[in-house]
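Worksheet for the structure shown next.
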Amino acid sequence: MRCPFCEYNGTKVLDSRPFNNNKSIRRRRECEQCERRFTTFEMVEETPLLIVKKDGTREEFSREKVLRGLVRACEKRPVALEVLENVVNEIERELRSCGQAEVPSNDVGEKVMERLYHVDEVAYVRFASVYRQFKDISVFMKELEELLTQAKGSHSPLPKE
């Protein structure tokens, strides 16, 4: 490690502590030449997760964008923000664990819908109506009927388009 003061290429670590909920390490260092002290942070470098949109364009996965969609779907519903943040955490963890650098946007949307169904059914229908772009009331009614059928029977996986 190079000293930021004298640029000598030798330092010693005086103290190491976990930081940011154990996602990084804070190290207190001292330059072996000028003996000045400074702090460094070490963290795992995550590869960017790219979302491939329907038109073929790519953009980096945005937790904030997913959370905004969930918050909008749950507007005026009894769903705590903490629950929605946990949903976003689960989705991001699942997407990153699949080992692919690029994920189709419809995979993200389906994962959101799958979890939202178990959080709040009204919010699920709201999200589905925007995500699946219902063209008319008959398509919307069909989705509601499928939801009611599932509610009466077992909680099987969600219907696909």
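Positions in the sequence shown are counted from 1; adding 219 to them yields my numbering. We put the beta carbon where it would ideally sit given N, CA and C, even for glycine.
Residue environment: residue 230 is assigned as buried (16 or more neighbouring CB atoms within 10 Å of its CB, all protein chains considered). Counting only residues of its own chain and dropping the five nearest sequence neighbours on each side, residue 313 has a CB closer than 8 Å to the CB of 330.
According to the DSSP secondary-structure assignment, residue 231 is paired through a beta bridge with 249. Taking a cut-off of 8 Å on C-beta distances, the region 337-348 touches the region 281-300, as three or more cross pairs fall below it.
Residue 334 sits buried, since 16 or more C-beta atoms from the chains shown fall within 10 Å of its C-beta. The alpha-carbon separation between residue 287 and residue 350 amounts to approximately 13 Å.
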